[in-house]
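S.K.: First residue of the sequence shown: 43, per the numbering used here; consecutive thereafter. First the structure, which I've put down as structure tokens, then a few questions once you've had a look.
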Amino acid sequence: MLENRTTYPKKKTQMYQTLQELPKKYKVMALVRMEKVRATQLLPLRKKLQGKVEIVSIKDKVAQRAIEKLDMEGIGKMKEMLTGQCLFMFTNMSPFELNIFLSKNKILLSARGGDIASIDVIVQPKNTGIAPGPMLTEFKENKIPTKIDQGTIWILKET
43 MLENRTTYPK KKTQMYQTLQ ELPKKYKVMA LVRMEKVRAT QLLPLRKKLQ
93 GKVEIVSIKD KVAQRAIEKL DMEGIGKMKE MLTGQCLFMF TNMSPFELNI
143 FLSKNKILLS ARGGDIASID VIVQPKNTGI APGPMLTEFK ENKIPTKIDQ
193 GTIWILKET
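So, in structure tokens, the structure goes:
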């Protein structure tokens, strides 16, 4: 890993060695971004892929260092994508077959606070049933036209 350091934590050394060995053992290496993915969602996928795909979660800095040392085509592009939570998948399946399998097993999630919608959200004009207060500010910040009528917030037009 780093030349100026003499010892590394055992776990990081094992991660590094794993990422050095697995690309040589398998034909296909996939990088999966794990933003907003919970462990409870990943577990059934791991069980379905057991025996076909080896799934490895490695810290991004350790992975970047290990990838630098690998002599493979196109690996430099993968290094640039290593930000945040990532997961490596190693398999001898065709990349298309793996992509189809992952597409079929997508799980839609309900949004949490702070999430950014991946699709456009359309708000219909109607009575929200919410009393005026802090929620009025939320609507205004999101440029949703509102009015207060009969003690509740009304959305004026489809936005």
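Where is the CB? At the ideal position from N, CA and C, for every residue including glycine. Fair warning: this is a prediction, and the values are worked out from it, not measured in the lab.
Cα-Cα, which of Gln106, Lys111, Ile195, Thr201 is closest to Asp162?
M.R.: Thr201
S.K.: Could you tell me if Met131 is buried or exposed, where buried requires 16 or more neighbouring beta carbons within 10 angstroms of its beta carbon?
M.R.: buried
S.K.: May I ask you to report which of helix, strand or coil DSSP gives Asn169?
M.R.: strand
S.K.: Let me confirm a value: Ile190 is counted as buried when at least 16 other C-beta atoms fall within 10 Å, else exposed. Which label applies?
M.R.: exposed
S.K.: Anyone know if the C-beta pair for Asp65 and Met114 falls short of 8 Å?
M.R.: The identity of residue 65 in the sequence shown is Pro, whereas the question assumes Asp. Cβ distance < 8 Å, so Pro65 and Met114 count as in contact.
S.K.: Can you grab the Cα-Cα spacing for the pair Thr60 / Lys67, in whole Å?
M.R.: 11 Å
S.K.: Would you list, in sequence order, the uninterrupted beta strand (DSSP E) runs of no fewer than 3 residues that lie entirely inside the stretch 104 to 153?
M.R.: 128 to 133
S.K.: Tell me whether the beta-carbon of Thr179 lies closer than 8 Å to the beta-carbon of Thr194.
M.R.: It is not a contact, given that the beta carbons lie outside the stated cut-off.
S.K.: Among the candidates Lys199, Ala105, Ala173, whose CA atom is the shortest distance from the CA of Val165?
M.R.: Lys199
S.K.: Only counting the same chain, and skipping five residues up and downstream in sequence, which positions put a Cβ closer than 7 Å to that of Gly155?
M.R.: none
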